[in-house]
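Student:
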Amino acid sequence: MKNFAVFASGYGSNLQAIINAVKNGKIRARLALVVSDNQSAYALVRAKRARIKSVYINPNNFPKREAFDGEVLKHLRKEKIDFVVLAGFMRILSAVLLRAYPNKILNIHPALLPKFKGAHAIQDAYDSGAKITGVTVHFIDDKVDHGPIVMQESLAIRPKETLKVLEQRIHKIEHRIYPEAIDLLARGRLAVKGLQVKIR
Ligand code: GRF
9 MKNFAVFASG YGSNLQAIIN AVKNGKIRAR LALVVSDNQS AYALVRAKRA RIKSVYINPN
69 NFPKREAFDG EVLKHLRKEK IDFVVLAGFM RILSAVLLRA YPNKILNIHP ALLPKFKGAH
129 AIQDAYDSGA KITGVTVHFI DDKVDHGPIV MQESLAIRPK ETLKVLEQRI HKIEHRIYPE
189 AIDLLARGRL AVKGLQVKIR
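Here the numbering used here = 1-based position in the sequence shown + 8.
Here it is in structure tokens:
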């Protein structure tokens, strides 16, 4: 069974969905480590509660991205991590991690990439007047919110719904499809060629 790490900076609702999916066998891999760049991330509480090893790395101690990532990499190597899952991790990864884990770092984005990149994707889609938005699971590459797309699910933005309701509906999709994508990666079912991902 493969070992994986989750990186999270905040509330960690996706981390929780992943913890639950590992527990009930929907993800056939071992969640060996949670990494955070935010000491007060609720994600760290979730890890602790689930008795998963976690590490907080203070970005202020590593002024350069590469140095921070080098520290992260030490922990990944120590825990024999095979692949990485970003779940609300608010830092851009450098070549240090990309090179160490090529096509082995997944991210989830709350919109249909390449639309609505950035940290306010749900609000941006809502404000734009778009009738459809969704969720994207993708491998990361050297561009932000970019890389081979593993899975997407769309949803219609209802004419009268509030931003809050839309957010809840999007998170619900995230919590369902992210574990599915992680399990596919864990079982070697994802074949990446350029920007295309085939599910074997
Ligand atoms: C999610 O909406 C995810 O798509 C985005 O960051 C948010 C993280 O939420 N990348 P949580 O910390 O998992 O609750």
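Note that the Cβ used here is the ideal one computed from N, Cα and C, for glycine as well.
Predicted, not measured: the structure shown is a model, and the values here were computed from it.
Please determine whether the Cβ atom of S21 lies at a distance below 8 Å from any heavy atom of the ligand FMN.
Tutor: As for the ligand FMN, it is missing from this structure, which binds only the ligand GRF.
Student: Given a cut-off of 9 Å on the beta-carbon distance, is the pair Q131 and G142 in contact?
Tutor: no
Student: Quick one: what's A199 bridged to in DSSP?
Tutor: Bridge pairing for A199: K206 [DSSP].
Student: Starting from E79 and walking both ways along the beta strand (DSSP E), at which residues does that stretch end?
Tutor: Membership of E79 in any beta strand (DSSP E) is not indicated; the residue belongs instead to the alpha helix (DSSP H) covering R73 to K86.
Student: Per DSSP, E161 forms a beta bridge with which residues?
Tutor: V143
Student: Who are H117's beta bridge partners in DSSP?
Tutor: DSSP lists T144 as partners of H117.
Student: Kindly provide the ranges of any beta strand (DSSP E) runs that are 3 or more residues long and lie completely inside the segment 11-73, ordered along the chain.
Tutor: Runs of the beta strand (DSSP E) inside the segment 11-73: 11-15, 38-44 and 62-64.
Student: Measure the CB-CB distance between G96 and S48 and report whether it falls below 9 Å.
Tutor: no
Student: Since V145 and I113 are thought to touch, with beta carbons under 8 Å apart, how far apart are those beta carbons, to the nearest angstrom?
Tutor: About 12 Å separates the two Cβ atoms, so there is no contact after all.
Student: Straight-line CA distance for N46 to R166?
Tutor: 34 Å
Student: Is P122 near the ligand GRF, with its Cβ less than 8 Å from a heavy atom?
Tutor: no
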